[in-house]
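For reference, the structure is listed below as structure tokens.
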Amino acid sequence: MSAIALAVRDSNTMLRRNLLHARRYPSLTLNLLLTPIMLLLLFVYIFGDVMSAGIGGNANRADYIAYIVPGLILMTIGSTTIGTAVSVSNDMTEGIIARFRTMAIHRGSVLVGHVVGSVLQCIASVVLVGAVAVAIGFRSTDATPLEWLAALGLLALFATAFTWIAVGMGLISPSPEAASNNALPMILLPLLSSAFIPVETMPGWFRPFAEYQPFTPAIETLRGLLLGTEIGHNGWLALAWCLALTVLGYLWSTAKFNNDPK
Amino acid sequence: MPSSVMPTSRKSDGRSLPDAVSAIGLRKSYGDKVVLDGIDLRIPAGTVFALLGPNGAGKTTAVKILSTLVTADAGDLHVDGHDLTTDPQAVRAAIGVTGQFSAVDGLITGEENMLLMADLHHLSKQEGRRVAAELLERFDLTDAASRPASTYSGGMKRRLDIAMTLVGNPRIIFLDEPTTGLDPRSRHTMWGIIRTLVTSGVTVFLTTQYLDEADELADRIAVLNNGRIAAEGTADELKRLIPGGHVRLRFTDPAAYHSAASALEEVSRDDDALALQIPSDGSQRELRSILDWLDSAGIEADELTVHTPDLDDVFFALTGNDQPAQPHQSKETVR
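If you read the protein sequences in the order shown, they are chains A and B. Note that this note's numbering has the first sequence beginning at 2, numbered continuously upward. Note that this note's numbering has the second sequence beginning at 21, numbered continuously upward.
What follows is the structure in structure tokens.
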């Protein structure tokens, strides 16, 4: 078997193993879904009037739903990747990983299996949160099929990037609890982005961080694709972040995985 | 320290067989701590080799290195004829490893674990199912096949572990403390499994801290202590290395002890325990002559025990530092 066919076959086997885990023990994924859904309901039904009044001048809950859904969709991805960090860390404490390392399989397949599994979980989670959003009244205004496709592509890229980073975090964490703590920025960063309020309303000293951290460009791009707002340079920024984080996360994770186990 | 005077025995038998494992000058340190301080091993194909040593001797590290899990600091290492540093993947294709800690996926069922191995060995679906069912049957796991492996008992997990190791038909199997933590029944089951493996021509490299296990299973035994091979040979050769056989006389009255000790000159004394040791091979004839001698000297001990040399003696003599497990061996004097 050629090297590539071997890599694909082994990665596919590892993916099926991870999906089996996720299917049999869905509680972790479902727990992580609760955060974005709760925040969505909280911000729309409890804070909605004040927030929308603060942003747009007059209280309009429907407008605010449209404003925060893109951010929460991306937050869903961040939240799901916390689960990835936890399950990678958990996996590394298992003897079976040592077994994999002593088998003549494609070495990267263990991590690739985790990454692909996690990206699929992210997409499933996004669909669920998206469904809740639609149920409470979110509608895309004028997205063309091409824009929907671009939105999906953005989400997949974003999920891949954050998953590779999460895998690295899982690998350096001595325990699943530590992994969960290390991965906390994945869910904190969206709070410091344009997900809930526009960057322009934040204090000046904080604005540069909020504007250029990975979540804001991705949120603004998704907002633009689904709601027709101005994307501007955010599209390229989002793309650059996704590629940079993917490459960084990949190199970091594979280096960590190739180190001798403790 | 006895280990420094015990030469590593090098036997020439089995030279005709190719080496399944050969290590020359294997070294590994973790930080300042030297775990393996230049060990040499040679295991002919089709034999069982036991690496025996106390906890922390470096047994697991040796297995981890030879099974490609961890890289060595130095050493010329070959497994199945492949160089460990330049061609680890070829080594991996030849070996199977069952580590000290269960290498099964606890979240999925026993059968799914087996099918996972079949997939990773690139068996066809049909072939994979057949091999999985066969091995589950052979290791008495068919009834438990559809339960998550995390619900298995220690013995069942270990059996599943070995069954998974066998999916790829490895030529060399590493078993790191295969019976540690098992109850006596499971332990004997495991011994039976290991013996069966050997009859099929597989080379077995096992580590153990149990002397009877090495005695029972291994063709050759190496005693590892403080990162060095203290001795190597067959169980019998090792037993011959130390003069462990003796008759032990124990007294309760110090006065009787001291008069006996002065009457019998060629004995080793254990003043704390009020015990004397007379070298003996444990045969009836020698025992009778010792008894006659004692009678004629008018010595009557409160307790007389015959101690024949076993691997315990070898083990404690070679690894004997400050804390032997059994008190009566602590004062063992080598004639």
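All residues carry an ideal CB built from backbone N, CA and C; glycine is no exception.
Is it the case that the Cβ atoms of residue i and residue j are separated by a distance below 8 Å?
{"i": "I44 (chain B)", "j": "D96 (chain B)", "result": "yes"}
{"i": "T12 (chain B)", "j": "T216 (chain B)", "result": "Residue 12 (chain B) lies beyond the residue range present for chain B, which begins at 21 and ends at 355; the question has no answer from this structure."}
{"i": "N245 (chain B)", "j": "A92 (chain B)", "result": "no"}
{"i": "C123 (chain A)", "j": "I74 (chain A)", "result": "no"}
{"i": "A280 (chain B)", "j": "L296 (chain B)", "result": "yes"}
{"i": "A165 (chain B)", "j": "G130 (chain B)", "result": "yes"}
{"i": "V113 (chain A)", "j": "S12 (chain A)", "result": "yes"}
{"i": "A4 (chain A)", "j": "G109 (chain A)", "result": "no"}
{"i": "M176 (chain B)", "j": "M137 (chain B)", "result": "no"}
{"i": "K88 (chain B)", "j": "R112 (chain B)", "result": "The identity of residue 88 (chain B) in the sequence shown is Thr, whereas the question assumes Lys. Yes."}
{"i": "V70 (chain A)", "j": "F139 (chain A)", "result": "yes"}
{"i": "L223 (chain A)", "j": "S141 (chain A)", "result": "no"}
{"i": "L231 (chain B)", "j": "L72 (chain B)", "result": "yes"}
{"i": "H98 (chain B)", "j": "S49 (chain B)", "result": "no"}
{"i": "L324 (chain B)", "j": "V267 (chain B)", "result": "yes"}
{"i": "I83 (chain A)", "j": "S176 (chain A)", "result": "no"}
{"i": "S122 (chain B)", "j": "G96 (chain A)", "result": "yes"}
{"i": "H142 (chain B)", "j": "R10 (chain A)", "result": "yes"}
{"i": "G118 (chain A)", "j": "L16 (chain A)", "result": "yes"}
{"i": "L29 (chain A)", "j": "E132 (chain B)", "result": "no"}
{"i": "R62 (chain A)", "j": "V45 (chain A)", "result": "yes"}
{"i": "P198 (chain B)", "j": "L156 (chain B)", "result": "no"}
Look up residue i in the DSSP assignment and say whether it is helix, strand or coil.
{"i": "V222 (chain B)", "result": "coil"}
{"i": "D163 (chain B)", "result": "coil"}
{"i": "Q229 (chain B)", "result": "coil"}
{"i": "P38 (chain B)", "result": "coil"}
{"i": "Y172 (chain B)", "result": "coil"}
{"i": "L140 (chain B)", "result": "helix"}
{"i": "S282 (chain B)", "result": "helix"}
{"i": "H234 (chain A)", "result": "coil"}
{"i": "D291 (chain B)", "result": "coil"}
{"i": "D33 (chain B)", "result": "Here D33 (chain B) scores only 47 on pLDDT, less than 50, and its place in the model is too uncertain to base an answer on."}
{"i": "S49 (chain B)", "result": "strand"}
{"i": "N260 (chain A)", "result": "coil"}
{"i": "I74 (chain A)", "result": "helix"}
{"i": "F335 (chain B)", "result": "helix"}
{"i": "G58 (chain B)", "result": "strand"}
{"i": "A65 (chain B)", "result": "coil"}
{"i": "Q304 (chain B)", "result": "helix"}
{"i": "I220 (chain A)", "result": "helix"}
{"i": "A43 (chain B)", "result": "strand"}
{"i": "I198 (chain A)", "result": "coil"}
{"i": "G247 (chain B)", "result": "coil"}
{"i": "A70 (chain B)", "result": "strand"}
{"i": "R270 (chain B)", "result": "strand"}
{"i": "R260 (chain B)", "result": "helix"}
{"i": "F210 (chain A)", "result": "helix"}
{"i": "W253 (chain A)", "result": "helix"}
{"i": "E178 (chain A)", "result": "helix"}
{"i": "R240 (chain B)", "result": "strand"}
{"i": "G171 (chain A)", "result": "helix"}
Contact defined as beta carbons within less than 8 Å: I believe residue i pairs with residue j. What is the distance between those atoms, to the nearest angstrom?
{"i": "D203 (chain B)", "j": "V124 (chain B)", "result": "Their Cβ separation, rounded to whole angstroms, is 19 Å, which puts D203 (chain B) and V124 (chain B) out of contact at 8 Å."}
{"i": "R179 (chain B)", "j": "L161 (chain B)", "result": "6 Å"}
{"i": "D100 (chain B)", "j": "R191 (chain B)", "result": "6 Å"}
{"i": "W72 (chain A)", "j": "S195 (chain A)", "result": "A quick correction: the sequence has Gly, not Trp, at residue 72 (chain A). At roughly 7 Å, the Cβ-Cβ gap stays under 8 Å, so G72 (chain A) and S195 (chain A) are in contact."}
{"i": "L264 (chain A)", "j": "A134 (chain A)", "result": "Past the edges of chain A, shown from 2 to 263, lies residue 264 (chain A), and the structure says nothing about it."}
{"i": "L338 (chain B)", "j": "A250 (chain B)", "result": "4 Å"}
{"i": "W253 (chain A)", "j": "G169 (chain A)", "result": "4 Å"}
{"i": "L155 (chain A)", "j": "A105 (chain A)", "result": "Not a contact, Cβ separation roughly 38 Å."}
{"i": "V191 (chain A)", "j": "M52 (chain A)", "result": "Checking the sequence shown, residue 191 (chain A) turns out to be Pro, not Val. So it is not a contact: roughly 15 Å between Cβ atoms."}
{"i": "W165 (chain A)", "j": "V89 (chain A)", "result": "Actually they do not touch by this definition, with Cβ atoms about 11 Å apart."}
{"i": "A70 (chain B)", "j": "A234 (chain B)", "result": "4 Å"}
{"i": "G119 (chain B)", "j": "I193 (chain B)", "result": "Not confirmed; about 12 Å, so no contact."}
{"i": "A151 (chain A)", "j": "L226 (chain A)", "result": "5 Å"}
Could you tell me whether any non-hydrogen atom of the ligand HEM is closer than 7 Å to the CB of residue i?
{"i": "P175 (chain A)", "result": "Within the structure as shown, the ligand HEM is missing, as the structure has no ligands at all."}
At which residue ranges does the region 101-165 of chain A contain complete alpha helix (DSSP H) runs of 4 or more residues, listed in the order of the chain?
-> 110-136
Residues from the region 94-109 of chain A in contact with chain B, defined by Cβ distance under 9 Å | E95, G96, I97, I98, A99, R100, F101, R102, T103, M104, A105, I106, R108
In chain order, which continuous runs of the beta strand (DSSP E) of length 3 or greater are located wholly inside the region 104-159 of chain B?
-> 115-118
Short-range partners of chain A found in the region 107-121 of chain B, where Cβ spacing is below 7 Å = Q109, R112, A113, I115, V117, G119, F121
Between the region 198-211 of chain B and chain A, which residues of the former have CB atoms less than 9 Å from a CB of the latter, in chain order?
-> none
Looking at chain B, which residues of the region 12-38 of chain A have a Cβ within less than 7 Å of any of its Cβ atoms?
-> T14, R18, L21, H22, R25, Y26
Of the residues that make up the region 118-148 of chain B, which ones have a beta carbon closer than 9 Å to any beta carbon in chain A?
-> T118, G119, Q120, F121, S122, A123, V124, D125, G126, L127, I128, E132, N133, L136, M137, D139, L140, H141, H142
If you measure beta-carbon to beta-carbon, which residues of the region 83-98 of chain B are closer than 9 Å to chain A?
-> K84, S87, T88, L89, V90, T91
What residues in the region 245-261 of chain A have a beta carbon less than 9 Å from any beta carbon of chain B?
-> D261
Tell me the start and end of each unbroken alpha helix (DSSP H) in the region 5-93 of chain A that is at least 4 residues and wholly inside, in chain order.
-> 28-42, 49-57, 62-93
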